[in-house]
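Here the structure is laid out as structure tokens; the discussion comes afterwards.
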Amino acid sequence: MSTMPDYTGWMVRASAGRDKDGLFCVVGVDQEGKRLLLADGKRRRIARPKGKGLNHVKLLTDGFDHPAIQRLKQGEALSDKALRRALAAFRDQLEV
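As numbered in the working numbering, residues 462 to 557 make up the sequence shown, in order.
Structural data, given as structure tokens:
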């Protein structure tokens with residue numbers, strides 16, 4: 462069985478479920494390697510990320526350069542506040 466590539470730090474938009482169209486950051490992959498763990502720092506905190514299948518999200522980018530995302534990719538702990546700031550900066554970049 463193949464494992465999922467590491468999408469940690471990617472920005473995604475939920476395409477299904479009650480959080481449809483919500484903007485999230487991938488904070489990891491579940492233990493089975495089948496679902497992405499998503500957080501937005503507000504409704505879904507880093508301590509309790511939402512698990513979603515790859516077919517229920519739209520991958521937006523992995524190249525978003527923000528200090529908080531770089532720390533996340535390096536495996537360092539990240540606060541919900543820092544994640545919210547990174548998502549806000551990404552959202553602003555999308556609107557430009």
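Here a beta-carbon is modelled for each residue, glycine too, at the ideal position from N, C-alpha and C.
Treat the numbers as computed from the prediction; the structure is a model and nothing was measured.
ask   = For M472, does the count of other Cβ atoms within 10 angstroms reach 16, so buried, or fall short, so exposed?
value = buried
Residue span of the beta strand (DSSP E) that contains L539, given as start and end = Per DSSP, L539 belongs to no beta strand (DSSP E) and is neither H nor E.
ask   = How would you label A549, buried or exposed, when you count the other beta carbons within 10 angstroms and need 16 or more for buried?
value = exposed
task = Check M462 in the structure and name its three-state DSSP category.
result = With a pLDDT of only 47 at M462, under 50, the local geometry of the prediction cannot be trusted, and the value read off the model is given with reservation. M462 falls in the coil class under three-state DSSP.
Three-state secondary structure (DSSP) of A529 = helix
Inside the region 468-510 only - beta strand (DSSP E) runs reaching at least 3 residues = 472-475, 484-490 and 496-500
query = Per DSSP, K513 is paired with what?
reply = L497
query = Which value, in whole angstroms, describes the spacing of the CA atoms of P510 and F525?
reply = 20 Å
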